[in-house]
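Asks: Right, I'll just put the structure down here and ask away after.
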Amino acid sequence: MRIRALHYQPLAAALDARSQTSPGVTVVEAVGAVDATAVNELATVLRRALDQEPSAVVVDLSHTDFLGISAAEVLLDAITSAERDGHPLALVPGNAAVTRTLDVTGVLARAELRASVQDAVDALRSTPRRRVP
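So the mapping is simple: our numbering equals the position in the sequence shown, first residue as 1, plus 318.
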């Protein structure tokens, strides 16, 4: 499993998610299996992405082969944190098995779903930040 985060900027090349020099949307892409051995890495990358200012986050699962229950719980935590802190967050679901895990764990019901990363990036750039008290 490989997780990488890209910082998307308008009219610029992708930068590492740790870069805090430009505003934009952070895309967290999970590739392969996100199982119990990879869930901590996913949690860490999502936490870092949500800590950036301004933080809009896309979680791209379109290249994920397997998503464990613990990874779905990490996604639920990220959604809750994003809502509480006013960070727009969108999810690009993956294959049928990944989507099934997202469905049975309640992630699909809570997440803003988008068909592609580009669709999610475009939507989040136009979404105002709203902090939930």
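Glycine is no exception: its CB is placed at the ideal position from the N, C-alpha and C atoms.
1) Verify whether the separation of the beta carbon atoms of valine 439 and leucine 393 is less than 8 Å.
2) Quick check: what's the CA-CA separation for leucine 407 versus leucine 431?
3) With leucine 364 and alanine 396 assumed to form a contact (beta carbons below 8 Å), what rounded beta-carbon distance in angstroms separates them?
4) From which residue to which residue does the alpha helix (DSSP H) around glutamate 401 run?
5) Here's the rule I'm using: 16 or more other beta-carbon atoms within 10 Å means buried, otherwise exposed. How should aspartate 421 be labelled?
6) Quick one: what does DSSP say glutamate 371 is sitting in, helix, strand or coil?
7) Is it buried or exposed, serine 373, if we count other Cβ atoms within 10 angstroms and call 16 or more buried?
8) Taking the beta carbon of glutamate 398 as the centre, do at least 16 other beta carbons fall within 10 Å, making it buried, or is it exposed?
9) Alpha carbons only, please: which of Ala415, Ala389, Asp378 is nearest the one belonging to valine 345?
10) Determine the burial state of valine 435: buried for a count of at least 16 other Cβ atoms within 10 Å of its Cβ, exposed for fewer.
11) Apply the 10 Å Cβ neighbour rule to glutamate 371 and answer buried if 16 or more other Cβ atoms are within range, or exposed otherwise.
12) Report the residue from Ala389, Ser380, Pro411 whose alpha carbon sits nearest the alpha carbon of alanine 354.
13) What separation, rounded to the nearest whole angstrom, lies between the Cα atoms of leucine 368 and glutamate 359?
14) Please state whether DSSP places aspartate 383 in a helix, a strand or coil.
Replies: For this structure:
1) Taking C-beta atoms as the reference points, valine 439 and leucine 393 fail to come closer than 8 Å.
2) Going from the Cα of leucine 407 to the Cα of leucine 431 covers about 9 Å.
3) Between alanine 396 and leucine 364 the Cβ distance is about 4 Å, and since that is below 8 Å, they are a contact.
4) First-last of the alpha helix (DSSP H) with glutamate 401: 387-403.
5) Of the residues assessed, aspartate 421 falls on the exposed side of the cut-off, its CB having fewer than 16 other CB atoms within 10 angstroms.
6) Reduced to three states, the DSSP call for glutamate 371 is coil.
7) It is buried - the Cβ of serine 373 has at least 16 other Cβ atoms within 10 Å.
8) The amino acid at residue 398 is misidentified as glutamate; the sequence shows threonine. Label assigned to threonine 398: exposed.
9) Comparing C-alpha distances from valine 345 to each of Ala415, Ala389, Asp378 shows the shortest one belongs to Asp378.
10) By the neighbour-count criterion, in which a residue is buried when 16 or more other Cβ atoms sit within 10 angstroms of its Cβ, valine 435 is buried.
11) It counts as exposed.
12) When only C-alpha atoms are compared, the closest one is Ala389.
13) Pairing leucine 368 with glutamate 359, the inter-Cα distance amounts to about 14 Å.
14) It is a strand residue.
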